[in-house]
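Asks: Residue numbers (the working numbering): 70 to 379.
Even glycine gets a Cβ: it sits at the ideal position worked out from N, Cα and C.
Note that the structure is predicted; figures quoted are calculated from it, not measured.
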Amino acid sequence: MKANQTVLKEFILVGFSSYPHVRTFLFVLFFGLYLLTLTGNLAILGLTWADRSLHTPMYLFLRALSFSETCYTLTIIPKMLADLLTEKRSISVPGCGLQMCFFLGLGGTNCIILTLMGYDRFLAICHPLRYPLLMTNVVCGHLVVSAWAGGFLISVTETALIFGGSFCTPNLIHHFFCHMRAVVRLSCLDSDITELVVTMVSVSGLMGTFLLIITTYVFILSTVFRIPSAEGKQKAFSTCASHLTVVIIHFGFAAIVYLKPEGSGGDDTLIAVPYTVITPFLSPLIFSLRNRDMKNAFRKLMAKRSFWDT
Numbered sequence: 070m071k072a073n074q075t076v077l078k079e080f081i082l083v084g085f086s087s088y089p090h091v092r093t094f095l096f097v098l099f100f101g102l103y104l105l106t107l108t109g110n111l112a113i114l115g116l117t118w119a120d121r122s123l124h125t126p127m128y129l130f131l132r133a134l135s136f137s138e139t140c141y142t143l144t145i146i147p148k149m150l151a152d153l154l155t156e157k158r159s160i161s162v163p164g165c166g167l168q169m170c171f172f173l174g175l176g177g178t179n180c181i182i183l184t185l186m187g188y189d190r191f192l193a194i195c196h197p198l199r200y201p202l203l204m205t206n207v208v209c210g211h212l213v214v215s216a217w218a219g220g221f222l223i224s225v226t227e228t229a230l231i232f233g234g235s236f237c238t239p240n241l242i243h244h245f246f247c248h249m250r251a252v253v254r255l256s257c258l259d260s261d262i263t264e265l266v267v268t269m270v271s272v273s274g275l276m277g278t279f280l281l282i283i284t285t286y287v288f289i290l291s292t293v294f295r296i297p298s299a300e301g302k303q304k305a306f307s308t309c310a311s312h313l314t315v316v317i318i319h320f321g322f323a324a325i326v327y328l329k330p331e332g333s334g335g336d337d338t339l340i341a342v343p344y345t346v347i348t349p350f351l352s353p354l355i356f357s358l359r360n361r362d363m364k365n366a367f368r369k370l371m372a373k374r375s376f377w378d379t
């Protein structure tokens with residue numbers, strides 16, 4: 070048992086208090102990125118809803134990912150921005166548990182949806198004749214629901230393990246949000262086993278989905294290389310380029326956070342910024358700018374608007 074056992078009602082998020090001279094700059098930077106992230110995701114949601122040509126499984130998955138990432142940023146960034154402007158950076162214990170549950174659940178959901186998007190591309194390229202039968206909008210909807218259920222099943226389990234006991238003082242979370250590793254170290258019980266279990270669950274989910282995506286791309290590449298025409302190969306690659314780019318960024322930044330060994334040094338607060346702020350910002354940007362259908366849908370929407378204005 071740890072010393073100073075007490076019933077805690079709140080935690081203090083240390084966050085960026087170690088960088089007092091740049092807090093205003095960080096607020097402006099993160100607030101700008103957050104607005105752009107919301108704009109990008111809302112644009113994708115609006116375009117894929119308004120344009121009937123985008124009512125296909127590929128774009129239904131993209132819409133689901135944009136909605137999930139919008140909720141994901143809402144669980145972290147508004148609180149982080151508020152804490153950058155105040156000296157009292159507290160969060161209640163139940164609020165911390167909810168934030169952790171939604172952060173882990175939505176993060177897991179994003180990983181599963183990215184995996185499903187890879188599976189969708191696998192069916193479209195490797196089994197084009199059977200694709201309309203195998204991947205209907207109804208099947209796509211069921212898969213998205215399963216992604217949310219799977220993500221939150223894991224997060225509820227991890228959160229229950231961490232918040233199942235009591236916490237000891239000092240109640241300082243050395244992070245800008247309720248990161249599971251930072252919170253579990255405040256447990257009054259021996260936290261090593263709990264930290265190992267929740268870390269292994271997160272790493273297993275992360276590596277499992279990543280390996281599934283890599284497996285689908287092995288089959289996709291083997292099929293693409295058998296396409297005789299260069300134009301056919303380029304068309305097949307173009308449908309996967311955005312997804313593969315986002316996968317590399319998403320899982321690359323996540324690996325830095327979750328596969329970082331203990332005692333390896335480095336500020337966990339700064340290390341988490343790319344995964345919580347940069348990745349959600351880049352994802353809608355990549356899917357919008359590198360997607361011809363999305364750009365065509367945007368042009369049609371602007372043309373309709375200019376027509377009605379005249």
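Evaluate E79 with the Cβ neighbour count: other Cβ atoms within 10 Å of its Cβ, from every protein chain shown; 16 or more gives buried, anything less gives exposed.
Replies: Classification of E79: exposed, given that the 10 Å Cβ count is below 16.
Asks: Please list, in chain order, all residues of the same chain as F191 whose beta carbon is under 7 Å from its beta carbon, the five residues on each side excluded.
Replies: The answer, listed in chain order, is T285, F288, I289.
Asks: For the alpha helix (DSSP H) containing I296, list its first residue and its last residue.
Replies: First-last for I296: undefined, no H or E at that position.
Asks: Quick check for students: name the residue ranges of the alpha helix (DSSP H) that lie wholly in the region 78-109, counting only runs of 4 or more.
Replies: Those alpha helix (DSSP H) runs which fall completely within the region 78-109 and span 4+ residues do not exist here.
Asks: What residues are listed by DSSP as bridge partners for I242?
Replies: Per DSSP, L82.
Asks: For a minimum of 4 consecutive residues, which ranges assigned as the alpha helix (DSSP H) are wholly contained in the region 307-349?
Replies: List check, alpha helix (DSSP H) in window: 337-342.
Asks: Candidates H248, F246, H319, H211: which alpha carbon is nearest F279's?
Replies: Here the closest residue by C-alpha is H319.
Asks: Exposed or buried, which one is N179 when buried takes at least 16 other CB atoms within 10 Å?
Replies: Buried, because 16 or more other Cβ atoms sit within 10 Å of the Cβ of N179.
Asks: Quick one: what's got a C-beta closer than 8 Å to L230's C-beta in the same chain, skipping five residues either side?
Replies: The residues are T263, V266, V267.
Asks: Under the assumption that D152 contacts L82 (Cβ atoms under 8 Å), give the Cβ distance between them as a whole number of angstroms.
Replies: Contact holds; Cβ gap of about 6 Å.
Asks: Closest to T345 by CA distance: which of A112, N360, G233, V326 is it?
Replies: Looking at the Cα atoms, V326 is the closest of the given residues.
Asks: Can you tell me where the alpha helix (DSSP H) holding S224 begins and where it ends?
Replies: Where S224 is concerned, the enclosing alpha helix (DSSP H) stretches over 206-232.
Asks: Give me the Cα-Cα distance between F232 and T314, rounded to the nearest whole angstrom.
Replies: Taking the straight line joining both Cα atoms gives about 36 Å.
Asks: Less than 7 Å between C-beta atoms, sequence neighbours within five positions excluded: which residues of the same chain meet that for R92?
Replies: The residues are F85, L153.
Asks: Alpha carbons only, please: which of A119, V214, M169 is nearest the one belonging to I182?
Replies: For I182, the nearest C-alpha among the options comes from V214.
Asks: Is any beta-carbon of chain B found at less than 8 Å from that of S86?
Replies: Here there is only one protein chain, and chain B is not present.
Asks: Tell me which same chain residues have a C-beta within less than 6 Å of the C-beta of I296, skipping the five on either side of it?
Replies: The answer, listed in chain order, is K302.
Asks: Measure the CB-CB distance between L354 and G109 and report whether it falls below 8 Å.
Replies: Yes, the pair counts as a contact, with Cβ atoms nearer than the cut-off.
Asks: Taking buried to mean at least 16 other C-beta atoms within 10 Å of its own C-beta, is K364 buried or exposed?
Replies: So K364 ends up on the exposed side.
Asks: Quick check: what's the CA-CA separation for T226 versus L143?
Replies: If I take the Cα positions, the gap works out to 22 Å.
Asks: Roughly how many angstroms lie between the CA atoms of G115 and T139, to the nearest whole one?
Replies: Their backbone Cα atoms lie some 13 Å apart in a straight line.
Asks: Could you work out which residue in A323, I194, N240, I340 is closest to F306 when comparing CA atoms only?
Replies: That would be I194, whose Cα lies nearest to the Cα of F306.
Asks: Looking at the secondary structure, which residues open and close the alpha helix (DSSP H) in which S122 lies?
Replies: First-last for S122: undefined, no H or E at that position.
Asks: Find the nearest neighbour of C237 within the set V162, F322, L339, judged by alpha-carbon distance.
Replies: Comparing Cα-Cα distances from C237 to each of V162, F322, L339, the minimum goes to V162.
Asks: Cα separation between I283 and K148?
Replies: Straight-line Cα distance between these residues: approximately 35 Å.
Asks: Counting along the chain, where does the alpha helix (DSSP H) carrying T178 start and finish?
Replies: From DSSP, the alpha helix (DSSP H) with T178 extends over 162-195.
Asks: For H244, which residues in the same chain have their Cβ closer than 8 Å to its Cβ, ignoring the five residues on either side in sequence?
Replies: Correct list, in chain order: L82, V83, G84, A251, D337, T338, A341.
Asks: Hey, could you find the ends of the alpha helix (DSSP H) L202 is sitting in?
Replies: It spans 200-203 - the alpha helix (DSSP H) in which L202 sits, taken as one unbroken run.
Asks: Do you know whose CA, among Y141, L258, R368, R132, lies nearest Y103's CA?
Replies: Closest by alpha carbon: Y141.
Asks: Does the beta-carbon of H124 have 16 or more other beta-carbons within 10 angstroms, so that it is buried, or is it exposed?
Replies: That one is exposed.
Asks: Exposed or buried, P201, counting other C-beta atoms within 10 Å across all chains shown (16 or more means buried)?
Replies: It is exposed - the Cβ of P201 has fewer than 16 other Cβ atoms within 10 Å.
Asks: Assuming the contact rule is C-beta atoms closer than 8 Å, T106 and P349 should be a hit. Round their C-beta distance to whole Å, please.
Replies: The pair is a contact, with the Cβ atoms about 5 Å apart (cut-off 8 Å).
Asks: Would you report the Cα separation of L222 and D120, rounded to the nearest angstrom?
Replies: Roughly 33 Å between the two C-alpha positions.
Asks: Please look up how many angstroms separate the CB atoms of F99 and L150, rounded, as I've assumed it's under 8 Å.
Replies: Their Cβ separation, rounded to whole angstroms, is 6 Å, which keeps F99 and L150 in contact under 8 Å.
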